[in-house]
Structure formats: C-alpha cells, structure tokens
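Asker:
Residue numbers (this note's numbering): -5 to 234.
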C-alpha cells in the first residue's frame, strides 16, 4: 500500500470544546491531566486546537494552578506545544511520526507475544468480549481503552515489566491517531478477529505463530492507520 505523506501546518482555531467538570479537591493535577489526555486521544481536542489555562479552568470549574501543571506534563509528553501569542496548541499529527511509532511498538508487541506464548498464557475471554462489544458502539474512548487493555495484558503476561514501561511512551501518542480514525472506521470488528487469533496462538504455546500473527496485526494496523490519517489530514487542509 502506497502512503502519501503531506506536510501539515497546525491550525490554530480557538478552543470551543466542552470539557468535563472536575470536582474540587486539594490535589487533582493528575485528574486534569487525564481529562485533557483523554480529550486529545479521542479527538475531542483536535490536532492544532488552541488551549488556554483560563478557558480550561473555567470549563472544569477549577483554579488555574492545576491546569498549568497538567499542561506542563502534556508538553513534556509532546502532546501540546507553545502557540504563537497566548496558550498552547494540541501537537499536530504527522503520518511519518505515527508510522515510526508503530514500527517500534510492533517490535515490542512481537517480543511480548512470543514470551507470553512460551508460558501458554490464557487471556481472560472478557477482554475480547468487551472489545467486540465496544467496537459496535460510538464511544471512541472505550474502543481505545479496550485495545490498550488487550495489548497491555500480553505485556504483563510476558513477565518482562520493561516491555510495558517502554511501550507506554509510544501508546500515549498512538492513542491520538487511533482516536482520529476510529470515529469512522469500518475495520473495528476485524481488529478483534486478529486479536482473538493472537490470544489463541499464545494459549496454544505456538511461539512462532504468535509472533507472526502479531507482526501481521501491527503491520496491517500501521498501514491502515497511516493511510486513514493521511486522508484525514488532507481533508482538513482542503477545508482550511
């Protein structure tokens, strides 16, 4: 599949998204961070959207201090960047960066699947069942969470905690691309067919097949996701 990568410029539209209200507590920086992270991941806060402390604090009914700290954490993660003038903007997505992230994730997923297969790990069937169920709905965050839960269960089953720790760095950004394309994806069910096949190979102790299926899954996901993301970015550039 040929993928065309177009240079993108970050749109700087004013923030119009409604954010969830946060209940006041002495220390809730993590909750503000998580709320903003979820909004960025599922596309509620689109790439290029401008954010200001004042608007976020007003919508969440909290003071500016935890918002400032949460934005600093998001900036450290590379999810927001300084905007000309005031505030920050959600870091634009690029096809090249997401493709590179998937290549690294694929290597980690392959290692985890093979190590889990050596242990003949049997995944809780409710993980697959939940994934299939949410894939039929419209809750993008639930779809992303189900996908993350599947892969992190295999990371844990590998017995090597460094795999999950390493993968977490990449999943923060991969969630964003997933949120962008899952809102109108026709491949949600086939993703869980692939997941179930991987889980079965692991349970059977078939190390080679578990690795091959994982490689195929991540390659297919990478090509599909970058292709859809390229279309998404192209449409938004044309609309400007």
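Backbone N, C-alpha and C define an ideal beta-carbon position, used for all residues, glycine too.
These numbers were taken from a predicted model, which means no experiment stands behind them.
(1) Expressed to the nearest angstrom, what Euclidean distance is found between the alpha-carbon atoms of residue 217 and residue 224?
(2) Pick from 187, 135, 129, 215: whose alpha carbon is nearest that of residue 29?
(3) Name the residue from 158, 213, 176, 114 whose alpha carbon lies nearest to the alpha carbon of residue 128.
(4) Which residues in the same chain have their Cβ closer than 6 Å to the Cβ of residue -4, if we skip the five residues on either side of it in sequence?
(5) Would the stretch 41 to 60 count as touching the stretch 140 to 157 if we require 3 or more Cβ pairs under 8 Å?
(6) The beta strand (DSSP E) with residue 39 in it runs from where to where?
(7) Work out the CA separation of residue 143 and residue 125 for me, nearest whole Å.
(8) For residue 251 and residue 139, I'd like the C-alpha separation in whole angstroms.
(9) Tell me which residue opens and which closes the alpha helix (DSSP H) that residue 53 is part of.
(10) Could you check the C-alpha separation between residue 192 and residue 214 for me, to the nearest Å?
(11) Please report how far the alpha carbon of residue 62 lies from the alpha carbon of residue 159, in whole angstroms.
(12) Looking at residue 147: is its Cβ nearer than 7 Å to the Cβ of residue 121?
(13) Judging by CA-CA distance, which residue of 137, 100, 203, 222 is the nearest neighbour of residue 112?
(14) Where does residue 156 land, buried or exposed, given buried means 16+ other C-beta within 10 angstroms?
(15) Going by Cα to Cα distance, which pick from 194, 174, 196 is closest to residue 37?
(16) Compute the distance between the beta-carbons of residue 87 and residue 41, then report whether it is under 7 Å.
(17) Could you please give the first and the last residue of the uninterrupted alpha helix (DSSP H) stretch that includes residue 68?
(18) Quick check on this structure: which residue in 169, 89, 207 has the alpha carbon closest to the alpha carbon of residue 221?
(19) Put residue 75 into one of helix, strand or coil per three-state DSSP.
(20) Closer than 7 Å by C-beta to residue 34: which residues in its own chain qualify, once you throw out the five before and the five after it? Chain order, please.
(21) Whole-angstrom Cβ separation of residue 46 and residue 100, contact assumed at under 8 Å?
Answerer: Result, derived from the coordinates:
(1) 10 Å
(2) 135
(3) 176
(4) Any reading at residue -4 must be qualified, since the residue scores a pLDDT of 40, below 50, and its modelled position is unreliable; no value is offered.
(5) no
(6) Element bounds for residue 39: n/a, residue is neither H nor E.
(7) 9 Å
(8) Here the chain covers residues -5 to 234 and nothing more, so residue 251 does not appear.
(9) 47 to 54
(10) 14 Å
(11) 26 Å
(12) yes
(13) 203
(14) exposed
(15) 174
(16) yes
(17) 58 to 70
(18) 89
(19) strand
(20) 73, 84, 170
(21) Not a contact, Cβ separation roughly 37 Å.
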